[in-house]
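Enquirer: Sharing a structure here in structure tokens format.
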Amino acid sequence: MPCLIVGDFNACLNQNSVIHLSGSLEAFIRQCSVRQLVNGATRQDNMLDLVFTNDLTPVNEALVGEDFSTSDYGSIHFEVIVKPPVPSPHGYRDFSWASLG
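Printed below as a string of structure tokens:
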């Protein structure tokens with residue numbers, strides 16, 4: 001089942017655009033085989049807001065946009081592709097009140 005985790009992780013970029021994450025977040029990424037989709041700074045030179053997924057099928061990219069409203073954080077835009085639910089088959093019987101009596 002696809003999993004999508006988004007939020008402010010307070011990650012920092014160095015001069016080589018390498019993300020520095022906490023040890024526990026790095027361990028989570030390795031253990032759960034998730035990928036990080038944001039490819040740019042979301043506040044000044046830092047990549048604070050991240051999008052993680054274990055399946056690239058429902059979301060394939062996350063783009064950093066203009067600052068959000070009155071915030072100094074860039075907005076992140078991504079589209080989640082969701083298939084409509086498959087209706088479950090229902091079994092019906094003919095019912096007649098007359099047959100009860």
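Under full-length UniProt numbering, think of the first position of the sequence shown as 1, with each following residue one higher.
For glycine and all other residues, C-beta sits at the position ideal for the given N, C-alpha and C.
What does the Cβ neighbour count give for D49, buried or exposed, with the cut at 16 atoms within 10 Å?
Expert: Locating residue 49 in the sequence shown gives position 49, counting from the first residue. D49 should be labelled buried.
Enquirer: Over the uninterrupted alpha helix (DSSP H) stretch that includes G23, give me the two end residues.
Expert: Taking the sequence shown and counting its residues from 1, one reaches residue 23 at position 23. Element bounds for G23: G23 to C32.
Enquirer: Could you give the first and the last residue of the continuous beta strand (DSSP E) run that contains I76?
Expert: As a position in the sequence shown, residue 76 is number 76, starting the count at 1. It spans G74 to H77 - the beta strand (DSSP E) in which I76 sits, taken as one unbroken run.
Enquirer: Measuring alpha carbon to alpha carbon, tell me which of N46, R43 and T53 ends up nearest residue 152.
Expert: There is simply no residue 152 to check, as the chain begins at 1 and stops at 101 in what is shown.
Enquirer: Determine, using beta carbons only, whether I76 and V64 come nearer to each other than 7 angstroms.
Expert: Start at 1 with the first residue of the sequence shown, and residue 76 comes out as number 76. Start at 1 with the first residue of the sequence shown, and residue 64 comes out as number 64. It is a contact, given that the beta carbons lie within the stated cut-off.
Enquirer: I'd like the ranges of any beta strand (DSSP E) spanning at least 3 consecutive residues and lying wholly in the region 40 to 67.
Expert: 49 to 53 and 63 to 67
Enquirer: How about A41 and V51: do their beta carbons lie closer than 7 angstroms?
Expert: As a first step, residue 41 must be located in the sequence shown, where it is residue number 41. As a first step, residue 51 must be located in the sequence shown, where it is residue number 51. It is not a contact, given that the beta carbons lie outside the stated cut-off.
Enquirer: Going by DSSP, what residue range makes up the beta strand (DSSP E) through T5?
Expert: Sequence index remark: in the sequence shown, residue 5 carries index 5 (1-based). Note that residue 5 is Ile in the sequence shown here, rather than Thr. It spans L4 to D8 - the beta strand (DSSP E) in which I5 sits, taken as one unbroken run.
Enquirer: Enumerate in chain order the residues of its own chain whose CB-to-CB distance from G23 is below 8 angstroms, with the five nearest sequence positions on each side excluded.
Expert: By one-based count along the sequence shown, residue 23 stands at place 23. Hits under 8 angstroms: none found.
Enquirer: Between the Cα of I29 and the Cα atoms of Q44, R43, I5 and N39, which residue gives the shortest distance?
Expert: As a first step, residue 29 is located in the sequence shown; it is residue number 29 there, counting from the start. When each option's Cα is compared against that of I29, the closest is I5.
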